[in-house]
Each structure stands twice: as C-alpha cells, then as structure tokens.
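Colleague: Could you have a look at this structure, given as structure tokens, before my questions?
There are 2 protein chains.
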Amino acid sequence: MDYRLDDALPVLRRTPAVLRELLLDLSDSWTTATEGPDTWSPFDVVGHLLHGERSDWVPRVEHMLRHGDTVPFPPFDREAMLATSKGLDLRSLLDTFAALRAENVDRLVALGLTDADLARHGLHPEFGRVTMAQHLSTWVAHDLGHIAQVVRVMARQYTDAVGPWRVYLSIIRREGS
Amino acid sequence: MDYRLDDALPVLRRTPAVLRELLLDLSDSWTTATEGPDTWSPFDVVGHLLHGERSDWVPRVEHMLRHGDTVPFPPFDREAMLATSKGLDLRSLLDTFAALRAENVDRLVALGLTDADLARHGLHPEFGRVTMAQHLSTWVAHDLGHIAQVVRVMARQYTDAVGPWRVYLSIIRREGS
Numbered sequence: 001m002d003y004r005l006d007d008a009l010p011v012l013r014r015t016p017a018v019l020r021e022l023l024l025d026l027s028d029s030w031t032t033a034t035e036g037p038d039t040w041s042p043f044d045v046v047g048h049l050l051h052g053e054r055s056d057w058v059p060r061v062e063h064m065l066r067h068g069d070t071v072p073f074p075p076f077d078r079e080a081m082l083a084t085s086k087g088l089d090l091r092s093l094l095d096t097f098a099a100l101r102a103e104n105v106d107r108l109v110a111l112g113l114t115d116a117d118l119a120r121h122g123l124h125p126e127f128g129r130v131t132m133a134q135h136l137s138t139w140v141a142h143d144l145g146h147i148a149q150v151v152r153v154m155a156r157q158y159t160d161a162v163g164p165w166r167v168y169l170s171i172i173r174r175e176g177s
Numbered sequence: 178m179d180y181r182l183d184d185a186l187p188v189l190r191r192t193p194a195v196l197r198e199l200l201l202d203l204s205d206s207w208t209t210a211t212e213g214p215d216t217w218s219p220f221d222v223v224g225h226l227l228h229g230e231r232s233d234w235v236p237r238v239e240h241m242l243r244h245g246d247t248v249p250f251p252p253f254d255r256e257a258m259l260a261t262s263k264g265l266d267l268r269s270l271l272d273t274f275a276a277l278r279a280e281n282v283d284r285l286v287a288l289g290l291t292d293a294d295l296a297r298h299g300l301h302p303e304f305g306r307v308t309m310a311q312h313l314s315t316w317v318a319h320d321l322g323h324i325a326q327v328v329r330v331m332a333r334q335y336t337d338a339v340g341p342w343r344v345y346l347s348i349i350r351r352e353g354s
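Next comes the structure, spelled out in structure tokens:
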C-alpha cells in the first residue's frame with residue numbers, strides 16, 4: 001500500500017484513544033510490567049510516543065521542508081522518556097500525548113503537503129537519503145508497533161498462567177523486540 | 178503473574194472499546210487488509226473474537242463447573258467467522274462483540290468463582306487436563322494476541338512504504354502467525 005495522507009491521518013489520530021482504552025486506570029501490575037531487564041513497560045512506551053511528538057515526527061517533516069537532504073535530521077533519543085517520564089503518572093502522560101498528537105496532526109494537515117512534497121528527500125543520520133513519504137509511513141507503523149508492544153508486554157505476564165495453551169499463543173511464544 | 182479475576186476482568190472489559198477505537202469507520206484499505214492468502218483481516222479477527230464469546234470462553238467455564246474433567250470441551254472452530262461474518266459490516270460486528278463481552282464478563286462475575294474453583298480441572302480435547310485459571314488466563318492473552326494481530330496486519334500494509342526504516346520496525350520484519 002502506498003502512503004496517502006487520507007489513509008494515515010485517521011490512524012495517527014486514533015492512537016491516543018486506543019492507548020487510553022487499553023491502559024487508563026488499569027492496575028500497575030499491568031502498566032509497569034516489562035518483558036525483563038532493559039525492556040519497556042506500557043508506561044515507558046507511552047512516554048516514548050510522547051517524546052516522539054516533541055522531537056521526531058512533525059519536527060522532522062519541517063526539517064525536511066526547510067533543509068531537504070542538505071542537513072541531516074537531529075538524532076532522536078529513543079530512551080529519553082526514561083528520564084523525562086520520571087515522577088509523572090500514566091494519566092498525565094496519556095493526556096499530554098493526546099494533546100500533542102492532535103496538535104501535530106493538525107500541523108501536518110496545515111502544511112498541505114502535495115504528492116511532490118511526499119517525494120521530497122531528507123537526510124537521515126544513519127540511512128542517508130529518505131523520502132517524506134517513507135518518514136510519514138514510519139510514523140504510522142511506529143504507532144502500531146508500539147501498540148503491539150504494549151499488548152505483548154501485558155500478555156507475557158501470563159506466560160506461565162496459561163499453561164498448555166502457550167503453544168497456540170504466538171504473542172507469548174514469539175521472540176519480542 | 179498468577180491469574181486473579183481482579184487483574185483479568187478490567188482487561189477483558191476493555192477489548193471491545195480498544196478495537197472500536199482502532200477500527201470503527203476506518204477505511205476498508207485497513208480493515209479488510211490481510212498479511213497474504215489464508216491470513217486474517219482486522220474484520221476477520223473481530224468476527225473470530227465474537228464467535229469466541231458465543232462458543233468458547235464462558236461456555237467452557239460452565240462446562241468445567243458442570244463436568245470437571247470427565248467430559249472434554251466441545252471443540253472450538255477458530256475459523257467459523259469466515260462463514261458467520263459474511264454480509265455483516267464491521268460496525269455491527271463490533272457492536273455485537275461489545276454486547277456479548279459485557280454479558281459474558283457479568284456472567285463470569287455472577288458465578289463468584291473462588292480460589293478453589295480456579296484450581297478446578299477441565300478436559301481439553303487436545304491438551305488433556307487443564308485448570309480453570311489456565312483457561313481464564315488464556316482468555317486475556319488471546320484478546321491481547323488478537324489486538325496485536327490487528328495492528329500488525331495494518332502495519333504490514335506499509336512494508337514497502339517505510340523504506341529503510343523497516344530494519345527498526347520489528348512489527349513489519351518479524352514472522353507473523
């Protein structure tokens with residue numbers, strides 16, 4: 001499927017509500033659970049998505065429009081939230097994420113990107129030349145990947161509890177990342 | 178984490194709303210997309226979950242309370258929805274799933290299961306002796322697995338569109354099932 005704003009924007013707009021329905025007011029036994037040392041909890045994932053709103057998705061779109069492929073994107077610290085989320089509660093992270101996401105999607109719409117803009121290039125610090133459409137597709141897939149991560153972390157808390165059914169539950173069996 | 182009704186019920190109650198936020202009124206390009214021949218679309222997954230409400234989760238709890246491990250569970254047809262969802266729209270599947278799920282969680286609560294009940298045995302047609310707690314843990318993990326499947330199917334529609342970012346998107350790279 002090729003990237004089209006019409007397909008992508010509704011998915012981007014829904015992510016905060018999906019995470020709210022999944023996590024808000026759920027007990028800490030789910031929201032701060034992890035898959036082991038140095039893996040993220042649902043709480044960490046929401047903080048990571050929030051940080052992306054501030055530093056990655058729309059800022060990089062604007063960077064690309066301004067600099068094309070002459071200046072690489074500033075690198076994105078994918079673990080910044082481990083510090084910035086400290087002391088905050090999940091409700092406030094979810095609320096802030098929802099507000100920033102709505103604002104960012106509105107900013108993206110306001111840019112009125114054309115097909116020609118989607119074909120523009122930017123310079124990724126690691127990948128080199130990338131297109132606007134690739135960056136924007138990644139925003140969507142990244143959201144979906146982190147929703148999958150949240151439910152996987154939760155499911156794996158029942159790795160032992162499900163007993164023999166484990167063989168049919170690929171979410172528990174499969175190697176995560 | 179051991180199975181406790183207090184942990185599990187809130188997750189079970191949320192699944193219909195999570196799927197509604199993800200899918201309701203989204204274009205068919207997402208909701209009927211698949212991962213290839215003989216794989217399920219988000220639409221198929223919702224139909225499968227709905228069928229589980231009718232034939233699997235609470236019916237098997239009641240079967241276990243009635244028969245213990247003397248009579249195996251009737252087998253569950255995991256592809257029944259490919260026929261039963263025909264001609265229905267996603268909104269009506271989501272609505273029916275939400276209604277049946279609420280009813281089933283209420284039925285489970287009304288049973289007032291004790292710790293002793295959670296340790297009771299049932300007879301699975303393939304696994305042999307299983308416990309009530311294993312069956313009920315599986316209900317939760319099964320929900321979460323299918324939410325992960327829905328977002329994975331969606332993300333994979335952008336397998337090509339994300340370009341070089343694919344290497345960081347395990348939801349796209351990883352073998353599904």
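For the record, the sequence lines run as chains A and B.
The numbering of the first sequence is my numbering, which starts it at 1 and goes up by one.
The numbering of the second sequence is my numbering, which starts it at 178 and goes up by one.
Ideal placement from N, C-alpha and C gives every residue a C-beta, glycine not left out.
The model shown is predicted, which means the values in this text are computed figures rather than measured ones.
Thinking just about the alpha-carbon of each residue, which of B:252, B:237, B:188, B:214 is nearest to the one in residue 297 of chain B?
Modeller: Selected option, being the one with the closest Cα: B:237.
Colleague: Hey, is residue 346 of chain B's beta-carbon within less than 9 Å of any beta-carbon in chain A?
Modeller: Yes, its Cβ sits closer than 9 Å to a Cβ of chain A.
Colleague: Return the chain-ordered list of same chain residues with a C-beta closer than 8 Å to the C-beta of residue 98 of chain A, the five sequence neighbours on each side being excluded.
Modeller: Cβ neighbours of residue 98 of chain A beyond the five flanking positions: 16, 17, 20.
Colleague: Identify which residue in A:43, A:111, A:63 has its Cα closest to the Cα of residue 26 of chain A.
Modeller: If we check each option's Cα against that of residue 26 of chain A, A:43 comes out closest.
Colleague: Determine whether the beta carbon atoms of residue 196 of chain A and residue 8 of chain A lie at a separation below 9 Å.
Modeller: In the structure displayed, chain A extends from 1 to 177; residue 196 of chain A sits before or after that span and is not available.
Colleague: Going by C-alpha to C-alpha distance, which of B:305, B:187, B:267, B:320 sits closest to residue 24 of chain A?
Modeller: Minimum Cα distance to residue 24 of chain A is reached at B:187.
Colleague: Can you round the beta-carbon distance between residue 328 of chain B and residue 218 of chain B to whole angstroms, since I take them to be within the 8 Å contact cut?
Modeller: Not quite, the Cβ-Cβ distance comes to about 13 Å (not below 8 Å), so this is no contact.
Colleague: Please name the residue or residues paired with residue 142 of chain A in a DSSP beta bridge.
Modeller: None, per the DSSP bridge assignment.
Colleague: Looking only at DSSP bridge pairs, what is residue 128 of chain A linked to?
Modeller: DSSP output for residue 128 of chain A lists A:124 as bridge partner(s).
Colleague: Need the endpoints of the alpha helix (DSSP H) that residue 280 of chain B sits in, please.
Modeller: That run of the alpha helix (DSSP H) goes 267-288.
Colleague: Counting pairs of Cβ atoms below 8 Å between the stretch 136-149 of chain A and the stretch 286-303 of chain B, do you hit three or more?
Modeller: They do not touch, by the three-pair rule.
Colleague: Return the chain-ordered list of same chain residues with a C-beta closer than 7 Å to the C-beta of residue 3 of chain A, the five sequence neighbours on each side being excluded.
Modeller: The answer, listed in chain order, is 118, 133, 136, 137.
Colleague: Quick one: which residues of the stretch 237-263 of chain B get their C-beta closer than 7 Å to a C-beta of chain A? List them in chain order.
Modeller: Within the stretch 237-263 of chain B, no residue has a Cβ that lies closer than 7 Å to any Cβ of chain A.
Colleague: Please decide whether residue 103 of chain A counts as near chain B, where near means a Cβ-Cβ distance under 9 Å.
Modeller: Output row for residue 103 of chain A: interface = no.
Colleague: Return the CA-CA distance between residue 287 of chain B and residue 172 of chain A, expressed in angstroms with no decimal places.
Modeller: About 30 Å.
Colleague: Which residues bound the alpha helix (DSSP H) around residue 49 of chain A?
Modeller: It spans 42-55 - the alpha helix (DSSP H) in which residue 49 of chain A sits, taken as one unbroken run.
Colleague: Quickly, what does DSSP pair residue 16 of chain A with across the bridge? List them, please.
Modeller: Answer is none; residue 16 of chain A lacks a bridge partner.
Colleague: Which term fits residue 269 of chain B, buried or exposed, when burial requires 16 or more other beta carbons within 10 angstroms of its beta carbon?
Modeller: With fewer than 16 Cβ atoms within 10 Å of its Cβ, residue 269 of chain B is classed as exposed.
Colleague: From residue 153 of chain B to residue 333 of chain B, what does the alpha carbon distance come to, in whole angstroms?
Modeller: Here chain B has residues from 178 to 354 only, and residue 153 of chain B is not among them.
Colleague: Alpha carbon to alpha carbon, what distance is there between residue 39 of chain A and residue 74 of chain A?
Modeller: Their backbone Cα atoms lie some 25 Å apart in a straight line.
Colleague: Could you give the distance in angstroms between the alpha-carbon of residue 230 of chain B and the alpha-carbon of residue 124 of chain A?
Modeller: Between residue 230 of chain B and residue 124 of chain A, the C-alpha separation is close to 47 Å.
Colleague: Could you please give the first and the last residue of the uninterrupted alpha helix (DSSP H) stretch that includes residue 83 of chain A?
Modeller: Residues 81-84.
Colleague: Going by the DSSP bridge assignment, what does residue 72 of chain A pair with across the sheet?
Modeller: DSSP, once it has assigned bridges, lists A:123 as partnering residue 72 of chain A.
Colleague: I need the DSSP call for residue 198 of chain B, collapsed to helix, strand or coil.
Modeller: Helix, per DSSP.
Colleague: Can you tell me whether residue 208 of chain B is buried or exposed, with buried defined as 16 or more other CB within 10 angstroms of its CB?
Modeller: It is buried - the Cβ of residue 208 of chain B has at least 16 other Cβ atoms within 10 Å.
Colleague: Between the alpha carbons of residue 88 of chain A and residue 96 of chain A, how many angstroms are there, rounded?
Modeller: The straight-line gap from Cα to Cα measures roughly 11 Å.
Colleague: Report buried or exposed for residue 143 of chain A, applying the criterion of at least 16 other Cβ atoms within 10 angstroms of its Cβ.
Modeller: Under this definition residue 143 of chain A is a buried residue.
Colleague: Below 8 Å on the Cβ atoms is my guess for residue 67 of chain A versus residue 146 of chain A; work out the distance and round it to an integer in Å.
Modeller: The Cβ separation is near 28 Å, so there is no contact.
Colleague: Using the beta-carbon of each residue, which ones in chain A are nearer than 9 Å to residue 274 of chain B?
Modeller: Going along chain A, no residue has its Cβ under 9 Å from residue 274 of chain B, so there is no contact; the nearest lies around 14 Å.
Colleague: Could you tell me the alpha carbon to alpha carbon distance between residue 45 of chain A and residue 335 of chain B, rounded to whole angstroms?
Modeller: Looking at the two C-alpha atoms, the distance is approximately 21 Å.
Colleague: Using the rule of at least 16 other Cβ atoms within 10 Å of the residue's Cβ for burial, across every protein chain shown, is residue 397 of chain B buried or exposed?
Modeller: The structure shown does not extend to residue 397 of chain B, since chain B is modelled only from 178 through 354, so no value can be given for it.
Colleague: Please report the distance separating the alpha-carbon of residue 290 of chain B from that of residue 94 of chain A.
Modeller: Their backbone Cα atoms lie some 34 Å apart in a straight line.
Colleague: How about residue 217 of chain B: is its C-beta nearer than 9 Å to some C-beta of chain A?
Modeller: Answer no: the Cβ-Cβ gap between residue 217 of chain B and chain A never drops below 9 Å.
Colleague: Whole angstroms is fine: what's the gap from residue 55 of chain A's alpha carbon to residue 14 of chain A's?
Modeller: Cα-Cα distance, rounded: 20 Å.
Colleague: Given this structure, state the Cα-to-Cα distance separating residue 249 of chain B from residue 149 of chain A, to the nearest angstrom.
Modeller: Those two C-alpha atoms are separated by around 35 Å.
Colleague: Which of the three DSSP states, helix, strand or coil, is assigned to residue 157 of chain A?
Modeller: Residue state, collapsed to three classes: coil.
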